[in-house]
DNA sequence: AGTGGACATCGACACCAGTCAATCTACTCC
DNA sequence: GGAGTAGATTGACTGGTGTCGATGTCCACT
């Protein structure tokens with residue numbers, strides 16, 4: 001398993017060559033962009049992302065209470081977000097510290113029509 | 001059933017008061033944003049949206065071939081996108097003409113962190 | 001009025017995604 | 001080493017979603 005950030009990127013930090021409204025998307029471009037958007041298209045994950053961003057760094061154990069979700073559920077959502085490249089985790093001691101990947105979110109915005 | 005664009009908008013054209021990375025989202029904000037993102041999080045709908053944008057206006061019947069989907073499936077996807085406020089349809093004669101709602105996409109970008 | 005075409009709706013199917021209890025793994029501290 | 005804790009993983013359940021054939025509805029044109 002590992003950090004499967006993305007296999008289908010066209011360019012370095014971009015999700016597609018141009019934006020959705022600029023030119024018809026190819027199927028691979030649409031698939032990859034849809035993958036990242038699907039990671040964002042969940043209320044719990046959006047709140048999780050905004051919680052991480054609000055502190056620049058946060059531990060998994062400090063997410064359960066504000067999200068009102070069980071530990072496996074929180075672990076599931078952090079995994080989805082990190083596999084989408086939106087979150088990066090670093091294990092320090094017993095704790096997992098999460099921070100946002102701002103470039104990735106910027107790439108989504110750009111793909112959605114700069 | 002009418003154009004249920006959104007019931008939870010905070011401001012006029014915004015999906016949330018500030019962006020995801022600026023402050024923790026409230027649950028209603030997260031729900032509404034997730035709804036729009038879910039409409040975008042499908043490869044077929046992304047390609048559909050980019051097809052409509054590429055011609056500024058397109059008829060439903062001209063979407064089946066490039067998308068390689070059946071007529072009911074195309075109808076389903078246009079419905080999802082229009083209920084999310086991303087597409088607007090106008091029936092002229094026998095044909096349904098679709099165009100994009102650029103403000104709505106801009107609101108999504110803004111919600112994703114200006 | 002009747003025919004044909006464009007689109008919406010319905011029903012059914014398969015597949016995927018969110019959730020949590022239970023369990024496993026790995027690390028810290030005594 | 002042993003106990004306790006943070007987090008990942010597994011398995012099962014449930015609800016939602018993409019897809020299409022069949023059918024319904026509305027419009028245009030003869």
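Chains as they are written, first to last, in this note's numbering: chain A, 1 to 114; chain B, 1 to 114. Think of the CB as a built atom: it goes at the ideal place given N, C-alpha and C, for glycine as much as any other residue.
Our two residues, residue 14(B) and residue 59(B), have alpha carbons roughly 29 Å apart in a direct line.
Taken in chain order, the complete alpha helix (DSSP H) segments of 4 residues or longer contained in the stretch 66 to 101 of chain A are 71 to 83. Residue 61(B) sits in a helix when the DSSP states are folded into three classes. The three-state reading of DSSP puts residue 15(A) in coil, since its state is none of H, G, I, E or B. The continuous stretches of alpha helix (DSSP H) do not include residue 24(A), and DSSP gives it neither H nor E.
For residue 45(B) and residue 78(B), the gap between their C-alpha atoms comes out near 8 Å. DSSP places residue 49(B) in the uninterrupted alpha helix (DSSP H) bounded by 43 to 55. For residue 95(A), the number of other beta carbons within 10 angstroms of its own is below 16, and it is reported as exposed.
Pairing residue 53(A) with residue 63(A), the inter-Cα distance amounts to about 12 Å. In this structure, residue 68(B) sits away from residue 35(B), with a CB-CB distance that is not shorter than 8 Å. Under the three-state reduction of DSSP output, residue 37(B) falls in the helix class. In chain order, 67 place their CB closer than 7 Å to the CB of residue 47(B), counting only its own chain and leaving out the 5 sequence neighbours on each side.
For residue 100(B), the closest C-alpha among the options 25(B), 27(B) and 82(B) is that of 82(B). Within chain B, no residue has its beta carbon less than 7 Å from that of residue 72(A); the closest one is some 20 Å off. Residue environment for residue 70(B): exposed (fewer than 16 other C-beta atoms within 10 angstroms of its C-beta).
CA-to-CA, the gap between residue 21(B) and residue 109(B) works out to about 12 Å.
In the three-state reduction of the DSSP assignment, residue 111(A) falls in the helix class, which pools H, G and I. Beta-carbon to beta-carbon, residue 23(B) and residue 26(A) are separated by about 36 Å, too far to satisfy the 8 Å threshold. A buried status is given to residue 43(A), since no fewer than 16 other beta-carbon atoms sit within 10 Å of its beta-carbon.
Judged by their CB atoms, residue 37(A) and residue 41(B) are nearer to each other than the 8 Å cut-off. At least one CB of chain A lies nearer than 8 Å to the CB of residue 42(B).
For a Cβ distance threshold of 7 Å, nothing in chain B lies close to residue 58(A): the least Cβ distance comes to about 11 Å. For residue 104(A), the closest alpha carbon among the candidates 57(A), 86(A) and 30(A) is that of 86(A). A check of alpha carbon separations from residue 57(A) across 88(A), 75(A) and 80(A) identifies 88(A) as the nearest.
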